[in-house]
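Chemist: Residue numbers (full-length UniProt numbering): 1 to 191. Ideal Cβ placement from N, Cα and C applies to all residues, glycine included.
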């Protein structure tokens with residue numbers, strides 16, 4: 001039974017598709033013998049490429065810049081591989097590529113994506129009063145984010161215990177227009 005997983009990366013340039021003697025740089029990600037290619041969307045002069053060392057040759061500023069970029073890309077891809085492995089997820093070359101490019105990676109839904117989805121799904125099933133109260137909660141969340149987080153939305157993966165207690169504290173100290181006192185604990189818990 002095989003327990004070790006293999007991982008490697010390889011850089012190359014596509015000299016056959018060069019434009020003005022500059023070729024695109026590619027990386028090949030290989031996990032367990034399955035490979036996937038990815039264009040780095042960066043061009044370099046063909047004569048600067050060292051095909052045996054798989055990096056730019058020389059010590060010119062451009063060569064050093066390209067080599068630094070290649071090292072950075074390589075370390076980012078290796079970090080993605082390590083993170084996926086550490087989380088105990090199935091690691092494939094395609095998955096590493098997807099995480100690197102951000103395609104298919106579920107950056108996640110935002111809080112207002114979920115609120116809008118909920119509004120659309122329940123618009124015909126809830127009473128008008130319930131829908132109005134959901135609107136009040138949405139308004140409170142929006143004001144809280146603007147005042148305390150200096151943003152208009154937040155990803156669901158950023159919602160944690162600290163976020164919830166901050167929101168609870170915000171609501172507990174909120175004096176709605178026309179009300180002589182702050183929201184009571186019961187009302188805060190409903191929001």
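Below 8 angstroms CB to CB, which residues in the same chain sit around residue 5 once its five sequence neighbours on both sides are set aside?
Modeler: Here residue 5 refers to the residue found at position 5 of the chain shown. For residue 5, where only same-chain residues beyond five positions count, the Cβ hits under 8 angstroms are 31, 32, 85, 91.
Chemist: How about residue 28 and residue 16: do their beta carbons lie closer than 8 angstroms?
Modeler: Residue mapping note: residue 28 aligns to position 28 of the chain shown, counting from 1. Residue mapping note: residue 16 aligns to position 16 of the chain shown, counting from 1. Against a cut-off of 8 angstroms, the Cβ pair of residue 16 and residue 28 comes out as no contact.
Chemist: Quick check: the segment 109-119 against the segment 138-157, are at least 3 beta-carbon pairs closer than 8 angstroms?
Modeler: With a cut-off of 8 angstroms, the segment 109-119 and the segment 138-157 count as touching, because enough Cβ pairs lie within range.
Chemist: Determine the DSSP secondary structure at residue 10, reduced to helix, strand or coil.
Modeler: Looking up residue 10 in the chain shown gives position 10. Strand at residue 10.
Chemist: Buried or exposed for residue 68, going by 16 or more other Cβ atoms inside 10 Å?
Modeler: For this step, residue 68 is matched to residue 68 along the chain shown. Counting Cβ neighbours within 10 Å, residue 68 comes out exposed, since fewer than 16 surround it.
Chemist: At what residue ranges does the UniProt domain "Arm DNA-binding" (19-97) contain a whole run of the beta strand (DSSP E), taking only runs of 3 or more?
Modeler: Listed in chain order, they are 22-31, 34-45.
Chemist: For residue 155, list the residues DSSP reports as bridge partners.
Modeler: Taking the first residue of the chain shown as 1, we reach residue 155 at position 155. BP columns for residue 155 point to 110.
Chemist: What first and last residue would you give for the alpha helix (DSSP H) that runs through residue 133?
Modeler: Walking along the chain shown from the start, residue 133 turns up at place 133. That run of the alpha helix (DSSP H) goes 128-144.
Chemist: To the nearest whole angstrom, what separates the beta carbons of residue 7 and residue 100, a pair I think is in contact under 8 angstroms?
Modeler: Here residue 7 is taken as the residue at index 7 of the chain shown, counted from 1. Here residue 100 is taken as the residue at index 100 of the chain shown, counted from 1. Not a contact, Cβ separation roughly 13 angstroms.
Chemist: Taking only beta-carbon positions, decide if residue 79 is within less than 8 angstroms of chain B.
Modeler: Within the model displayed, chain B is absent; a lone protein chain is all it includes.
Chemist: What would DSSP say about residue 171, mapped onto helix, strand or coil?
Modeler: Numbered from its first residue, the chain shown carries residue 171 at position 171. Looking at residue 171 - three-state DSSP - the assignment turns out to be helix.
Chemist: Apart from the five residues on each side of it in sequence, which residues of its chain come closer than 7 angstroms, Cβ to Cβ, to residue 242?
Modeler: Here the chain comprises residues numbered 1 to 191, so residue 242 is not present and cannot be evaluated.
Chemist: Would residue 146 pass as a contact of residue 137 if the rule is Cβ separation under 8 angstroms?
Modeler: Counting from one through the chain shown, the residue named residue 146 turns up at place 146. Counting from one through the chain shown, the residue named residue 137 turns up at place 137. Not a contact, by the Cβ cut-off of 8 angstroms.
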